[in-house]
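Read the structure below first, then the notes.
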Amino acid sequence: LVVAPEKNGRIPVQLMQIYGKTLAAKPANLRNASKINGSKEVGVEDALTKRMPKPLSRCLFVKSPQYVTSNLLILLPGLGDNAVAYAKLAKALNLPQTVCIALNPPIEIPLDMGYQWFESFEADMTLIKPKKGDHRRLDSLIKTRRMLQHALYVLSETFDVPVSRIFLLGFSQGAIASVDAGLHPPKGYGKIGGVIAISSSILEEQILHDSKDAKTEKTKEGQDTERVEAVSTPFYVTHGTEDDRVPVGTARAHVAYLRQLLARRNSMTDRKTSGKYPKSPHLERADEKEELCTYREYKKRHEMIKSREESRDLHKFFAKHLYLRNLAMENHPDIIDVSKHPEILHQLQAQRNGDNVVPIT
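Take the sequence shown: its position 228, counting from 1, is numbered 238 in my numbering, and each next residue is one higher.
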């Protein structure tokens with residue numbers, strides 16, 4: 011897009027819509043004005059730790075390379091892990107215009123064994139095995155979901171970034187918490203920008219409780235396990251073909267369930283708006299399933315991003331979904347964001363309507 015230069019002190023009529031901003035050539039008297047500064051990273055760490063849910067306040071921040079906050083990436087470690095390694099991952103990803111926040115899981119594991127996103131151990135410290143009618147892990151996950159919903163609200167308000175530009179990246183148990191949060195965004199804030207789930211995606215109890223005879227069943231937390239709002243959040247799930255903790259067959263079944271769940275919710279929304287009950291096309295077309303939830307497999311065990319191929323594919327996902335401002339255009343000396351100067355916007359609109367106006371000099 012090109013802006014015509016000023017002529018006789020008049021602002022050109024052309025308006026440009028760039029990433030939601032209305033821009034025009036900067037008038038002469040504002041040529042020396044400061045450049046647009048969209049960074050709100052400085053000084054927010056202390057405020058955030060006070061407003062975040064206390065169990066999630068132990069977090070690490072990684073500033074965006076350009077010191078501009080257009081997106082947020084929240085990293086959720088796996089069982090027993092902490093935020094330190096994931097802060098290093100955030101630096102390695104080097105995502106443009108993206109502030110990264112690595113969270114510690116909220117629940118301590120006994121015997122100083124680290125942290126967890128939901129209750130995972132029996133009294134004898136063996137792992138809880140999923141079974142129908144046992145709500146312990148699901149109840150615990152719902153509590154974590156509420157904390158993450160509040161954390162998303164706080165992060166969105168603090169950084170002035172809509173929830174639709176907040177991304178979640180989780181590994182193993184953190185992946186389960188990420189997917190669950192993506193399915194249940196904060197009420198009234200719309201969809202989450204995207205969810206990346208590595209080496210897990212769905213808690214087994216969610217599938218066990220999602221059956222015809224359990225559709226009205228409620229957990230101890232009082233929330234219907236069947237109730238999931240329709241979302242258009244993009245989900246990106248990866249798994250290792252040599253995973254010895256979550257077999258690849260289980261991972262495929264979980265992704266199939268997630269795709270059907272997303273399609274079912276969107277289909278239910280269509281019914282409410284149309285008053286009809288059409289057969290959902292999402293359950294029939296593989297390409298639309300792919301749009302709802304992308305799934306990739308790599309030759310690896312139960313581990314984080316390992317190969318160049320996996321890293322490249324992840325960056326392709328971010329390249330498709332990140333919101334990026336045109337900083338070169340915004341900071342051009344002859345360009346100004348007229349939304350911050352109503353008198354200029356008024357003159358532009360008057361010129362467009364053919365009115366006689368006194369040019370701004």
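For each residue, glycine too, the CB sits at the ideal point set by N, CA and C. Please read these numbers as outputs of a predicted model, since none were measured by experiment.
TODO: Output yes or no for whether 7 Å exceeds the beta carbon distance between G204 and H331.
DONE: yes
TODO: Could you check what DSSP says for L66 in three-state terms: helix, strand or coil?
DONE: DSSP places L66 in the helix class (H, G or I) of the three-state scheme.
Open item on the list: For K139 and N81, what's the separation of their Cα atoms in angstroms?
Closed with: Each residue's alpha carbon lies about 37 Å from the other.
Task: Nearest-angstrom Cα separation, counted from G364 out to L85 - done: If you draw a straight line from the Cα of L85 to the Cα of G364, it is about 53 Å long.
- [ ] Rank V171, K142 and K197 by C-alpha distance to the C-alpha of K107 and give the top, closest one.
- [x] Here the sequence assigns Gln to residue 107, which means Lys is not the residue at that position. That would be V171, whose Cα lies nearest to the Cα of Q107.
Task: Distance between E215 and D149 (C-alpha atoms, nearest Å) - done: Distance between the alpha carbons of D149 and E215 is about 10 Å.
Open item on the list: Which of the three DSSP states is assigned to Y267 in this structure?
Closed with: helix
TODO: Run through the region 143-227 for me and flag every whole alpha helix (DSSP H) of 4 or more residues, listed as ranges in chain order.
DONE: Listed in chain order, they are 146-169, 183-193 and 214-218.
- [ ] Would you kindly report the start and end of the unbroken beta strand (DSSP E) that includes L137?
- [x] L137 -> no beta strand (DSSP E), and no H or E assigned at all.
Open item on the list: From the DSSP secondary-structure annotation, give me the bridge partner or partners of N341.
Closed with: In DSSP, N341 forms no bridge with anything.
- [ ] Identify, in the order they occur along the chain, each residue of the same chain with its Cβ nearer than 7 Å to the Cβ of L334, setting aside the five sequence neighbours on each side.
- [x] S80, P106 and Q107
Task: Same chain, Cβ closer than 7 Å to R8, neighbours up to 5 away in sequence not counted - done: Nothing about residue 8 can be reported from this structure: the residues present for the chain run from 11 to 371 only.
- [ ] Express the C-alpha separation of K73 and G88 in angstroms, rounding to a whole number.
- [x] 22 Å
TODO: Could you check what DSSP says for V247 in three-state terms: helix, strand or coil?
DONE: Looking at V247 - three-state DSSP - the assignment turns out to be strand.
Open item on the list: Taking the alpha-carbon of D91 as reference, which of Y163, P244, S174 and G184 has the nearest alpha-carbon?
Closed with: That would be G184, whose Cα lies nearest to the Cα of D91.
Task: F327 in three-state terms, based on DSSP - done: Looking at F327 - three-state DSSP - the assignment turns out to be helix.
Open item on the list: Tell me the DSSP secondary structure of Y308 in three-state form.
Closed with: strand
Open item on the list: Measuring only the C-alpha atoms, how far is H351 from V78?
Closed with: 22 Å
Open item on the list: Please state the DSSP three-state secondary structure of E320.
Closed with: helix
TODO: Would you kindly check if the distance between the Cβ of F177 and the Cβ of L99 is under 7 Å?
DONE: no
Open item on the list: Please state whether the Cβ-Cβ distance between P75 and N104 is less than 7 Å.
Closed with: yes
Task: Residue environment, L137, which counts as buried when at least 16 other CB atoms sit within 10 Å - done: L137 should be labelled exposed.
Open item on the list: Within the continuous alpha helix (DSSP H) that includes V94, where are the two ends?
Closed with: A93 to L103
Open item on the list: Please state the DSSP three-state secondary structure of S108.
Closed with: For clarity, residue 108 is Thr in the given sequence; the question names Ser instead. Here T108 sits in strand by DSSP.
Open item on the list: Within 10 Å of its beta-carbon, does M135 have 16 or more other beta-carbons around it, so buried, or fewer, so exposed?
Closed with: exposed
Task: Beta-bridge partners of V72, as assigned by DSSP - done: C110
TODO: State yes or no: is the C-beta of L151 within less than 7 Å of the C-beta of F131?
DONE: For L151 and F131, no; Cβs fall outside 7 Å.
- [ ] Using the DSSP secondary-structure output, state which residues sit across from N81 in a beta bridge.
- [x] Residue pairing from DSSP places N81 in a beta bridge opposite T108.
Task: C-alpha gap between S210 and A338, whole angstroms - done: 39 Å
Task: G259 and R311 closer than 7 Å at C-beta - done: no
TODO: Report yes if the CB atom of P65 is closer than 7 Å to the CB atom of P116, and no otherwise.
DONE: yes
Task: Nearest candidate by alpha-carbon position, reference F181, set A161, R61 and Q126 - done: Q126
TODO: Please state if the CB of C303 and the CB of L271 are separated by a distance shorter than 7 Å.
DONE: no
Open item on the list: Do T243 and K201 count as a contact pair if the criterion is CB distance below 7 Å?
Closed with: yes
Task: CA nearest to the CA of L213, picked from R362, Y163, P195 and V256 - done: V256
Open item on the list: Please state the DSSP three-state secondary structure of D122.
Closed with: Reduced to three states, the DSSP call for D122 is helix.
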